[in-house]
Amino acid sequence: MRIIVKAFATLREIFGGTGILYLELPEGSTIKDLLEKLREQYGSNLDVSGFVDENPSVKILVNGREITYLDGLGTRLRDGDSIAFIPPVAGG
Amino acid sequence: MVTRSPLYHRSQVDKLSLEELERYDRQLRLLGFDVESQLKLKRSRVLIVGVGGLGSAAALYLASAGIGFLRIIDDGYVELSNLNRQILYNTGDLGRRKVEVAAKRLRELNPEIEVEALGERLTEENVKQILSDVDLAVDCLDNFRARFILNDACVELGKPLIHGAIYGAEGRLMTIIPGRGPCLRCLIPREPAEHDKIPVLGPLPGVIGALEALEAIKVITGLGEPAVGKLIIIDGMDLSFYRIEVRRNPGCPACGKIKIEGI
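So the protein sequences, as listed, match chains A and B.
In terms of our numbering, the first sequence is residues 4 to 95.
In terms of our numbering, the second sequence is residues 2 to 264.
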């Protein structure tokens, strides 16, 4: 299945370009699987940005709904899903 | 430093002059907004923490809306690299203390109001005193550390806080009413790393600062529905808007012990 990942703020810079990734994942993949795949690809840069598993300060949305109100990191993804990673920002 | 303009009449907080009725004519025409709403703004005391990109927009709109007393605090001086977004300042202001330039500009914009300028940094030591005699605070800061100091004091003193922040072409907004909804530590439980000299497209702090002013006006007058427990996220790159629910964290070190207001 194919999903769209949209990164915000500091994460956008780590993913590069527009911060939008199109990824192929096996059927039945979860948010946790997606995080592992991203970590393989972007390595420690993700951790530097504070983007680590279960960091409650980074909001993860699936089709606009936060995963806290779905099944958390176990939320199953479907073909065409749009996932947003939204870290906190402090500029003013 | 408090300077009162000749037009300022603090004693007349129970009525509006003919000039005020004309100055605020367009907002007085708004459905649900009447003379009593305007008097609530006139009697209100608001703290704006930071007069950079967010604070420029928020302060200009709050001054023009007729907030009776504005206290602005910032220890910065106007720099050339501020001017892509900090619309309170002109090129001729380079090197001058921001709060002094800002206070002058705000008094010129609206001589009916009182503006107090504090050229210092908000710290754990001074925050409670600075907050003690205001009704509401507007977070126009540029770092997490000071935001948490402000949040914790607002929660402790029960003062509403309008949170705004930006990065690049993105903005965030949430209205915090202690006891009624989540606070900044519920939203951001783990303190993130600080970033110096972040990228900013000028209109973004303008948009978020203006929305912070709007939220402050709503909280003070009771108009509409403030974004309590709702994080607003704006991505200027594709103009997408998100509104996500944020819940109180029962274990929050700042607001976890406050009782929930009966709803």
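The beta-carbon is built from N, C-alpha and C at its ideal position, and this holds for glycine as well.
request  = Return the chain-ordered list of same chain residues with a C-beta closer than 8 angstroms to the C-beta of residue 131 of chain B, the five sequence neighbours on each side being excluded.
outcome  = Along the second sequence, read from residue 1 onward, the residue named residue 131 of chain B stands at position 130. The residues are 48, 72, 74, 119 and 123.
key: Touching by the beta-carbon criterion (3+ pairs, under 8 angstroms), the stretch 10–30 of chain B and the stretch 67–85 of chain A   = No, they do not touch.
inquiry  = Is residue 69 of chain A close to chain B? Criterion is C-beta to C-beta, closer than 8 angstroms.
reply    = By 1-based counting over the first sequence, the position of residue 69 of chain A is 66. The C-beta of residue 69 of chain A comes closer than 8 angstroms to at least one C-beta of chain B.
query = Beta-carbon of residue 89 of chain A versus every beta-carbon of chain B: anything under 8 angstroms?
reply = One-based indexing of the first sequence puts residue 89 of chain A at position 86. Look at residue 89 of chain A: its C-beta is under 8 angstroms from a C-beta on chain B.
query = Excluding the five sequence neighbours on either side, which residues of its own chain have a C-beta within less than 6 angstroms of the C-beta of residue 171 of chain B, listed in chain order?
reply = Taking the first residue of the second sequence as position 1, residue 171 of chain B is located at position 170. Residues 236 of the same chain have their beta carbon placed closer than 6 angstroms to that of residue 171 of chain B, with the five preceding and five following residues left out of the count.
Beta carbon of residue 54 of chain B nearer than 8 angstroms to that of residue 22 of chain A = Within the second sequence, the letter at position 53 stands for residue 54 of chain B. Within the first sequence, the letter at position 19 stands for residue 22 of chain A. Not closer than 8 angstroms, so no.
key: Ordered list of alpha helix (DSSP H) runs contained in the stretch 93–169 of chain B, each at least 4 residues   = As far as the stretch 93–169 of chain B is concerned, its whole alpha helix (DSSP H) runs of at least 4 residues are 99–110, 128–133 and 145–158.
inquiry  = So if DSSP puts residue 5 of chain A in a beta bridge, which residue, or which two residues, is it bridged to?
reply    = Your numbering for residue 5 of chain A matches position 2 in the first sequence. The beta-bridge partner set that DSSP reports for residue 5 of chain A consists of A/27.
query = Just reading off the alpha helix (DSSP H) that residue 45 of chain A is part of, what are its end residues?
reply = Within the first sequence, numbered from 1, the residue matching residue 45 of chain A stands at position 42. Counting along the chain, the unbroken alpha helix (DSSP H) around residue 45 of chain A starts and ends at 34–45.
key: CA nearest to the CA of residue 248 of chain B, picked from B/240, B/257, B/242 and B/241   = Counted from its first residue, the second sequence places residue 248 of chain B at position 247. Minimum Cα distance to residue 248 of chain B is reached at B/257.
Residues within the stretch 12–27 of chain B neighbouring chain A, beta-carbon criterion of under 9 angstroms = For the stretch 12–27 of chain B, no residue has a beta-carbon sitting nearer than 9 angstroms to a beta-carbon of chain A.
task = List the residues of chain B that residue 12 of chain A touches, going by C-beta distances under 7 angstroms, in chain order.
result = Working through the first sequence from its first residue, we reach residue 12 of chain A at position 9. Here the neighbours are 168, 169 and 171.
message = Check whether chain A comes within 8 angstroms of residue 141 of chain B, counting only Cβ atoms and requiring the distance to be less than that.
response = Position 140 of the second sequence, counting from 1, holds the residue named residue 141 of chain B. With respect to chain A, the C-beta atom of residue 141 of chain B has a partner C-beta closer than 8 angstroms.
request  = Would you kindly work out how many angstroms separate the C-alpha atoms of residue 96 of chain B and residue 35 of chain A, rounded to a whole number?
outcome  = Here residue 96 of chain B refers to the residue found at position 95 of the second sequence. Here residue 35 of chain A refers to the residue found at position 32 of the first sequence. Distance from the CA of residue 96 of chain B to the CA of residue 35 of chain A, rounded to the nearest whole angstrom, comes to 50 angstroms.
query = Using a C-beta to C-beta distance shorter than 8 angstroms, which residues of chain A count as neighbours of residue 148 of chain B?
reply = On the second sequence, position 147 is the one that residue 148 of chain B refers to. Annotation: Cβ neighbours of residue 148 of chain B in chain A (cutoff 8 angstroms, chain order): 93.
inquiry  = Given this structure, state the Cα-to-Cα distance separating residue 220 of chain B from residue 38 of chain B, to the nearest angstrom.
reply    = Position 219 of the second sequence, counted from the start, is the residue given in the question as residue 220 of chain B. Position 37 of the second sequence, counted from the start, is the residue given in the question as residue 38 of chain B. If I take the Cα positions, the gap works out to 11 angstroms.
query = Given that residue 201 of chain B touches chain C, what residues does it touch there, using C-beta distances under 7 angstroms?
reply = In summary, chain C is missing from the structure at hand, where the protein chains are A and B.
request  = Could you tell me whether the stretch 156–169 of chain B touches the stretch 134–143 of chain B, where touching means 3 or more Cβ pairs closer than 8 angstroms?
outcome  = The way I'd put it, the stretch 156–169 of chain B does touch the stretch 134–143 of chain B; three or more beta-carbon pairs between them come closer than 8 angstroms.
query = Does the beta carbon of residue 90 of chain B sit closer than 8 angstroms to a beta carbon anywhere in chain A?
reply = Along the second sequence, read from residue 1 onward, the residue named residue 90 of chain B stands at position 89. The beta-carbon of residue 90 of chain B is placed no less than 8 angstroms from the nearest beta-carbon of chain A.
ask   = Do you know whose CA, among B/222, B/255, B/252 and B/231, lies nearest residue 44 of chain B's CA?
value = For the purposes of this step, residue 44 of chain B is taken as the residue at position 43 of the second sequence. Ranking the options by Cα distance to residue 44 of chain B, first place goes to B/222.
Contact set between residue 206 of chain B and chain A, taken where Cβ atoms lie within less than 8 angstroms = Taking the first residue of the second sequence as 1, we reach residue 206 of chain B at position 205. Those within 8 angstroms of residue 206 of chain B in chain A are 94 and 95.
inquiry  = Please report whether the beta-carbon of residue 6 of chain A lies at a distance below 8 angstroms from any beta-carbon of chain B.
reply    = What you label residue 6 of chain A is simply residue 3 of the first sequence in a count that begins at 1. Contact with chain B is absent for residue 6 of chain A, since none of that chain's Cβ atoms lies less than 8 angstroms from the residue's Cβ.
ask   = Is it buried or exposed for residue 242 of chain B, if we count other Cβ within 10 angstroms and need 16 for buried?
value = Mapped onto the second sequence, residue 242 of chain B falls at position 241. Residue 242 of chain B is exposed by the Cβ-count criterion.
query = Are the C-beta atoms of residue 1 of chain B and some chain A residue less than 8 angstroms apart?
reply = Outside the shown range of chain B (2 to 264) lies residue 1 of chain B, about which nothing can therefore be said.
task = Select from B/204, B/244 and B/186 the residue whose C-alpha is nearest the C-alpha of residue 251 of chain B.
result = For the purposes of this step, residue 251 of chain B is identified with residue 250 of the second sequence, where counting begins at 1. The option with the nearest alpha carbon to residue 251 of chain B is B/186.
query = Is DSSP giving residue 45 of chain B helix, strand or coil here?
reply = Position 44 of the second sequence, counting from 1, holds the residue named residue 45 of chain B. DSSP places residue 45 of chain B in coil when its eight states are reduced to three.
ask   = Where does residue 20 of chain A land, buried or exposed, given buried means 16+ other C-beta within 10 angstroms?
value = Position 17 of the first sequence, counted from the start, is the residue given in the question as residue 20 of chain A. Exposed, since its Cβ has fewer than 16 Cβ neighbours within 10 Å.
Those runs of the alpha helix (DSSP H) which lie wholly inside the stretch 56–98 of chain B and span at least 4 residues = DSSP runs (the alpha helix (DSSP H)) wholly in the stretch 56–98 of chain B: none.
inquiry  = Quick check: residue 336 of chain B and residue 101 of chain B, are their CB atoms within less than 8 angstroms of each other?
reply    = What the structure shows of chain B is the stretch from 2 to 264, and residue 336 of chain B is not part of that stretch, so it cannot be assessed.
message = I believe residue 26 of chain A touches residue 9 of chain A by the beta-carbon criterion, under 8 angstroms. Please report the beta-carbon distance rounded to the nearest angstrom.
response = What you label residue 26 of chain A is simply residue 23 of the first sequence in a count that begins at 1. What you label residue 9 of chain A is simply residue 6 of the first sequence in a count that begins at 1. That belief does not hold up - the Cβ atoms of residue 26 of chain A and residue 9 of chain A are roughly 11 angstroms apart, past 8 angstroms.
query = Between residue 128 of chain B and residue 154 of chain B, which are expected to be in contact by the criterion C-beta below 8 angstroms, what is the C-beta distance as a whole number of angstroms?
reply = Your numbering for residue 128 of chain B matches position 127 in the second sequence. Your numbering for residue 154 of chain B matches position 153 in the second sequence. About 4 angstroms separates the two Cβ atoms, so the contact holds.
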